[in-house]
Amino acid sequence: MRFKYLETVDEIHDLIAWHNRHSDFVVLDFETTSKNPREAKLLDIQMSGRDEDEAVMFSGEHLLCLTVLESLQVFHNFKYDWKVAALHGVDLSDKPVRDTMLLHHLADENVEHGLDAIIQGAHGDDYKSRFWETYASYADAPRDAQLDYGCRDIVYTRRLYGEVCRRLQADGVPEALVEHTHRLALALYRTELAGIRVDLDYTIEMGSALKADITRTERELREMGGYHCENLELQAWAKEIEKVWTPKGKKWKTLPKPEFNFGASGQVAALLYDELGLPEQVDKKTKRRTADDKALEAVEHRHPIVPKIRELRKFSKMYGAFIEGVLGKVQAGRIYPSFNVNGTVTGRISHSEPNMGQMPSKGDWAKIRGIFIPEAGNKVLTCDYGQLEVCIAAHFSMDENLLRIIHEGASQHDITAQGLGIERSKAKTVNFSMQYGCTEFKIAEILGCSVPEGKDAIRKYWETYAGLKRFVDWCHKELEEGRPIANPFGRLRRFPKEYQNRWELEAAKRQVFSSLIQGTGADMTSRAFYLIDSQLRERGWGRGWFTVHDECLAEVSAEHAEEARELLQATMLGIGEEIELRVPLKVECSQPLDRWQK
DNA sequence: TAACGAAGCGCG
DNA sequence: AAAGCGCGCTTCGTTA
831 MRFKYLETVD
841 EIHDLIAWHN
851 RHSDFVVLDF
861 ETTSKNPREA
871 KLLDIQMSGR
881 DEDEAVMFSG
891 EHLLCLTVLE
901 SLQVFHNFKY
911 DWKVAALHGV
921 DLSDKPVRDT
931 MLLHHLADEN
941 VEHGLDAIIQ
951 GAHGDDYKSR
961 FWETYASYAD
971 APRDAQLDYG
981 CRDIVYTRRL
991 YGEVCRRLQA
1001 DGVPEALVEH
1011 THRLALALYR
1021 TELAGIRVDL
1031 DYTIEMGSAL
1041 KADITRTERE
1051 LREMGGYHCE
1061 NLELQAWAKE
1071 IEKVWTPKGK
1081 KWKTLPKPEF
1091 NFGASGQVAA
1101 LLYDELGLPE
1111 QVDKKTKRRT
1121 ADDKALEAVE
1131 HRHPIVPKIR
1141 ELRKFSKMYG
1151 AFIEGVLGKV
1161 QAGRIYPSFN
1171 VNGTVTGRIS
1181 HSEPNMGQMP
1191 SKGDWAKIRG
1201 IFIPEAGNKV
1211 LTCDYGQLEV
1221 CIAAHFSMDE
1231 NLLRIIHEGA
1241 SQHDITAQGL
1251 GIERSKAKTV
1261 NFSMQYGCTE
1271 FKIAEILGCS
1281 VPEGKDAIRK
1291 YWETYAGLKR
1301 FVDWCHKELE
1311 EGRPIANPFG
1321 RLRRFPKEYQ
1331 NRWELEAAKR
1341 QVFSSLIQGT
1351 GADMTSRAFY
1361 LIDSQLRERG
1371 WGRGWFTVHD
1381 ECLAEVSAEH
1391 AEEARELLQA
1401 TMLGIGEEIE
1411 LRVPLKVECS
1421 QPLDRWQK
């Protein structure tokens, strides 16, 4: 390998001009001071050279030179480098781009996609670990070491690009899916750069109310023993002489300070089961006693302290994960979540810092979503696919009852309840569980019946949805014969060809159908999101905000909100035609809103 | 003191 | 038999 540090702008321009004439693509990578693009200072830029073992590096000061580069840009995670460039005043987003990280995920969704892991696996070259063992930071390393480190990344990324392209071709992954994936990432790049506005007053007010709830509930918990508790020890604990759980010694000690932590599940379990003598609830999976919400619910009628602990848990979760979690990430009134295109094996987008997809949506807690607001003068639109999984399952299976649900508006939960002779509320859980491939053990747990009765319930379920059963069986046959199943976009969910034991095969059988449904829904939503974002921008009406699995959100000017609403609705419905879905889709669009809410 | 896994829980 | 899919975040408690 030959690496060179280019000192002058002339040298850089010479090479770029050469690329513009001769290269199909140019590999690029940035060295910076932080993984967070908003904190990152651009230090150096690396670029592929005239032949495949050659790479160059030049100072980040010459970032502007890249604007004259015309060739296809190849990055490993372009979203990061483009954000850094944008925050240094250079927009690279009008250029064609390919991303070896995205391609690697399309080629194998089951492995890690970081450049380090890929290179280590493919070439066994551990120059990266050697570099980081020697130097505390990139900036601390001498120029020679920086050049070697940065340029090796380029050479390996260049090889990787060729290799993943060959693998995608061999697997028959359509170019349209490759193209869509990059366009989606481009839309998400813009979303990430823009960030999301936060209503600080609203958040702080909700936060202080929650904080007061937490304080009050904690006080009530500590006072409670004296009134309701028949356990003498707990009464004593409640009155000053408090018990302290010592993790080291694994036992209770009587100490004068109230140090019991209701937020620690181990301490709560010790309190409920050891101190109060409530019946131990055991986790079916781990065989260990548990103090999770389901366990607490099961014993809450036996002691008034239990529902209080459940309340406190809820308040703490809401305050800690969502109020503090969001406020801690606010910069000048905005948050900047990451939207990861290859964060899941199914093709869903994953979110982080914060995860917008886990913002509370149920009951009163949905008000937490109201934290997120559009720019002044804009409105929020949120549109979701109704019963998307049912539509997709019906499309694949053409199951009679599923088709009835879609065409006649029948309720899936009612049909299942009737078919199995169970309550509607239980039928709802059964429907979700069956989509996830559950066994008679889980069904027995849901219905509160014996395992043989659970088995019978599954038999009735498959009688009710016989067409679906045939399709699920087909999925299992494909799996067992080692053929990956492509979704309508050509995305593959790959499973091992060989299994060490029966259990691994059973796990794969549970996953294969579920992944197909989930992945199809994910691609439909993200395809719609890309189209929505690009059309809104083209028309100057606004932009895409983000997606939450089967929901597209956008922010649009109040002036065009109604037209935009039509556009979102039509675009999401249009995905059905695009993939020739055999059933009609349903899309529910919100009114133009002043904040994110139902 | 930092890093890590487990438990618990938010979402679809 | 490890027996419902896919994620990310916070806290706790242990270990390097």
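Heads up, the first sequence is in this note's numbering, so the first residue is 831 and it goes up one at a time.
Note that CB positions come from ideal geometry on N, CA and C, so glycine has one too.
Since the model is a prediction, treat every value here as computed from it, not as a measurement.
On the CB-based measure, 16 or more other CB atoms within 10 Å of its CB, does residue i come out buried or exposed?
{"i": "Y1149", "result": "buried"}
{"i": "D911", "result": "buried"}
{"i": "V1156", "result": "buried"}
{"i": "K909", "result": "buried"}
{"i": "E1396", "result": "exposed"}
{"i": "L932", "result": "buried"}
{"i": "V1413", "result": "buried"}
{"i": "E1418", "result": "exposed"}
{"i": "P1109", "result": "exposed"}
{"i": "E898", "result": "Note on identity: in this sequence residue 898 is Val, with Glu being the wrong assignment. By the neighbour-count rule (16 or more Cβ atoms within 10 Å), V898 is not buried but exposed."}
{"i": "A1068", "result": "Annotation note: pLDDT 42 at A1068 (below 50); position unreliable, coordinate value reported separately. It is buried - the Cβ of A1068 has at least 16 other Cβ atoms within 10 Å."}
{"i": "D1229", "result": "buried"}
{"i": "R1369", "result": "exposed"}
{"i": "G1449", "result": "Limits of the chain in this structure are 831 at one end and 1428 at the other, which puts residue 1449 out of reach."}
{"i": "L894", "result": "exposed"}
{"i": "P1204", "result": "buried"}
{"i": "Q999", "result": "exposed"}
By Cβ distance below 6 Å, which residues in the same chain neighbour residue i in space, the five residues on each side in sequence not counted?
{"i": "I1245", "result": "N1231"}
{"i": "K1416", "result": "G1216"}
{"i": "M1036", "result": "none"}
{"i": "Q976", "result": "none"}
{"i": "S1241", "result": "none"}
Quick check: residue i and residue j, are their CB atoms within less than 9 Å of each other?
{"i": "L1250", "j": "K1290", "result": "yes"}
{"i": "V941", "j": "L1211", "result": "no"}
{"i": "V1129", "j": "S1345", "result": "no"}
{"i": "F858", "j": "F905", "result": "According to the sequence as given, residue 858 is Leu; it is not Phe. Cβ distance < 9 Å, so L858 and F905 count as in contact."}
{"i": "N1208", "j": "A1388", "result": "yes"}
{"i": "F1226", "j": "R1425", "result": "no"}
{"i": "H812", "j": "D1353", "result": "What is shown of the chain runs 831 to 1428, which leaves residue 812 out entirely."}
{"i": "T1269", "j": "I1288", "result": "yes"}
{"i": "H1379", "j": "T1401", "result": "no"}
{"i": "F1376", "j": "L1014", "result": "no"}
{"i": "C1213", "j": "I1236", "result": "no"}
{"i": "V886", "j": "L922", "result": "no"}
Between the C-alpha atoms of residue i and residue j, what's the straight-line distance to the nearest angstrom?
{"i": "M1054", "j": "R868", "result": "48 Å"}
{"i": "A1337", "j": "G1267", "result": "9 Å"}
{"i": "N1185", "j": "D881", "result": "42 Å"}
{"i": "V1112", "j": "R1049", "result": "29 Å"}
{"i": "S901", "j": "A847", "result": "10 Å"}
{"i": "M831", "j": "F1319", "result": "39 Å"}
{"i": "E841", "j": "Y979", "result": "21 Å"}
{"i": "L1423", "j": "A1394", "result": "12 Å"}
{"i": "I1026", "j": "H934", "result": "29 Å"}
{"i": "G1107", "j": "R1119", "result": "13 Å"}
{"i": "E1381", "j": "I1153", "result": "23 Å"}
{"i": "R1052", "j": "P1134", "result": "12 Å"}
{"i": "S1180", "j": "S1168", "result": "8 Å"}
Leaving out the 5 sequence neighbours to the left and right, which residues in its chain are closer than 7 Å to residue i when beta-carbon positions are compared?
{"i": "L1427", "result": "The question names Leu, yet the displayed sequence has Gln at residue 1427. Excluding sequence neighbours, Q1427 sits near A1196, R1199 and G1200."}
{"i": "Y1166", "result": "R868, E1022 and G1025"}
{"i": "C1305", "result": "I1315, V1342, F1343 and L1346"}
{"i": "D956", "result": "Q950"}
Less than 8 Å between the CB of residue i and some heavy atom of the ligand COA, yes or no?
{"i": "C1268", "result": "This structure lacks the ligand COA; in fact it carries no ligand of any kind."}
Any idea which residues DSSP pairs residue i with across the strands?
{"i": "I859", "result": "Per the sequence shown, the amino acid found at residue 859 is Asp instead of Ile. Beta-bridge pairing links D859 to Q876."}
{"i": "I1165", "result": "I1026"}
{"i": "M887", "result": "Y835 and Q876"}
{"i": "F908", "result": "Note: F908 sits in no beta bridge, so no partner."}
{"i": "V1112", "result": "R1119"}
{"i": "N1170", "result": "S1180"}
{"i": "R928", "result": "V904"}
{"i": "D1214", "result": "E1381 and E1418"}
{"i": "I1315", "result": "R1323"}
{"i": "L1423", "result": "V1210"}
{"i": "F1202", "result": "V1028"}
{"i": "S1387", "result": "N1208"}
Using a Cβ-Cβ cutoff of less than 8 Å, which residues in the same chain neighbour residue i once the five nearest sequence positions on both sides are dropped?
{"i": "K1272", "result": "S1263 and G1284"}
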